[in-house]
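Numbering (our numbering), first residue to last: 692 to 973.
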Amino acid sequence: MVNYKPFPSFQYEFFKYIQNYIHYTEMVENSNQLSNYKSSCDFLSGNNEDTCLTLSCLNCQRFLYLLKLIRAIRGNVLRTYDYGFLNFWLNRRLRIKDINISICAEEFYKQLSSKDTDVQDEHKLNTKLNDINNDIFDNMNILYNLYENYYKIYSETKNKVECEGKVSCIQRIEACFKEYKKGIIKCPDEQSYFCKELNRFKDKYELIKNIKSPFNDFSFSELKVLPTYEEVDNEINGEFKMWKNLSTTLFSILCAIITIFLYICKVKQYNFIKICIFYRYF
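Next comes the structure, spelled out in structure tokens:
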């Protein structure tokens with residue numbers, strides 16, 4: 692059983708800088724320098740006896756490159772939110788096949804730190820890399836997916852629409868809409884850290900309504916508005932109530948049919964007995 696550490700509020704802090712982290716992740720994905728870190732990640736190659744270490748050798752190389760990239764940008768002094776993102780990124784890659792597997796981020800750090808000097812130099816990683824609780828990870832993943840799609844619609848730093856044409860933009864907005872529904876249904880109020888971050892995303896998302904498509908083929912104001920908690924709750928519970936009412940109606944009809952059938956059988960049986968008695972005496 693995985694022992695999850697308490698999850699303080701500042702771990703959501705990296706979402707304030709999520710556009711940068713998404714950009715760093717894209718740089719890592721497209722890098723041709725990953726092979727430089729292969730020797731440090733060889734412990735993940737072949738048959739690994741530690742079943743909790745599901746990370747591929749390639750993703751291990753990506754982690755090291757991401758760490759080096761952020762360290763270079765920060766002048767080798769990482770912020771708390773940098774560690775928060777690195778931990779989320781690692782958990783996300785470790786769970787790439789199954790959200791409920793044993794994660795073992797700490798075991799990954801332990802083995803990797805004995806192989807790589809950059810990891811050794813970042814002593815705080817020893818306490819910052821840990822297994823994120825499944826529910827909290829799911830919430831963070833929703834936020835990450837939302838921002839990942841959002842920044843493929845619009846770049847704030849470039850002040851530019853990124854999606855190419857109406858079809859592409861609609862696909863991204865639909866993806867945001869579906870992901871947002873997964874999140875807002877968890878927020879009957881806005882008291883949790885997750886719900887506050889979700890509301891911050893909504894504020895950002897609504898700003899694009901005033902942006903015109905560079906292709907002049909549509910306006911963002913025409914597209915879907917993110918739903919409220921009440922709307923999603925009514926949609927989910929409305930379907931449940933509909934099926935419940937339908938089931939109740941069908942059950943009532945079935946009971947009525949059975950009752951009528953039994954009544955007919957009873958009447959026929961009674962008439963048969965009367966006929967038998969009649970012929971017996973006459």
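Built from N, CA and C at the ideal position, the CB exists for glycine as well.
Owing to the predicted nature of the structure, the values given are computational and were not obtained by experimental measurement.
Cα-Cα separation between residue i and residue j, rounded to whole angstroms
{"i": "residue 795", "j": "residue 814", "result": "18 Å"}
{"i": "residue 856", "j": "residue 902", "result": "13 Å"}
{"i": "residue 704", "j": "residue 929", "result": "36 Å"}
{"i": "residue 735", "j": "residue 801", "result": "13 Å"}
{"i": "residue 799", "j": "residue 842", "result": "31 Å"}
{"i": "residue 826", "j": "residue 951", "result": "52 Å"}
{"i": "residue 832", "j": "residue 911", "result": "25 Å"}
{"i": "residue 783", "j": "residue 904", "result": "33 Å"}
{"i": "residue 748", "j": "residue 926", "result": "43 Å"}
{"i": "residue 769", "j": "residue 835", "result": "21 Å"}
{"i": "residue 775", "j": "residue 701", "result": "8 Å"}
{"i": "residue 861", "j": "residue 895", "result": "17 Å"}
{"i": "residue 882", "j": "residue 890", "result": "11 Å"}
{"i": "residue 870", "j": "residue 771", "result": "27 Å"}
{"i": "residue 818", "j": "residue 909", "result": "49 Å"}
{"i": "residue 917", "j": "residue 880", "result": "16 Å"}
With 16 other Cβ atoms within 10 Å as the buried cut-off, status of residue i
{"i": "residue 888", "result": "buried"}
{"i": "residue 738", "result": "In this prediction, residue 738 scores a pLDDT of 49, lower than 50, which makes its location untrustworthy; no coordinate-derived value is stated."}
{"i": "residue 921", "result": "exposed"}
{"i": "residue 874", "result": "buried"}
{"i": "residue 923", "result": "buried"}
{"i": "residue 858", "result": "exposed"}
{"i": "residue 778", "result": "buried"}
{"i": "residue 805", "result": "exposed"}
Chain-order list of residues whose beta-carbon lies under 6 Å from that of residue i (same chain, five-residue window excluded)
{"i": "residue 830", "result": "885"}
{"i": "residue 710", "result": "842"}
{"i": "residue 900", "result": "911, 912"}
{"i": "residue 975", "result": "Lying before the first or after the last residue shown, residue 975 is absent from the chain, which here runs from 692 to 973."}
Close beta carbons around residue i, own chain, < 7 Å, minus the five adjacent residues each side
{"i": "residue 864", "result": "844, 914, 915"}
{"i": "residue 715", "result": "757, 760, 761"}
{"i": "residue 746", "result": "735, 784, 785, 799"}
{"i": "residue 807", "result": "731, 755"}
Nearest to residue i (by Cα), restricted to the options the options
{"i": "residue 773", "options": "800, 809, 729, 712", "result": "712"}
{"i": "residue 906", "options": "854, 748, 890, 891", "result": "854"}
{"i": "residue 719", "options": "917, 872, 750", "result": "750"}
Same chain only: Cβ atoms within 8 Å of residue i, ignoring 5 sequence neighbours per side
{"i": "residue 729", "result": "748, 752"}
* Is it true that the segment 837–852 meets the segment 719–726, where meeting means three or more beta-carbon pairs spaced less than 8 Å apart? -> no
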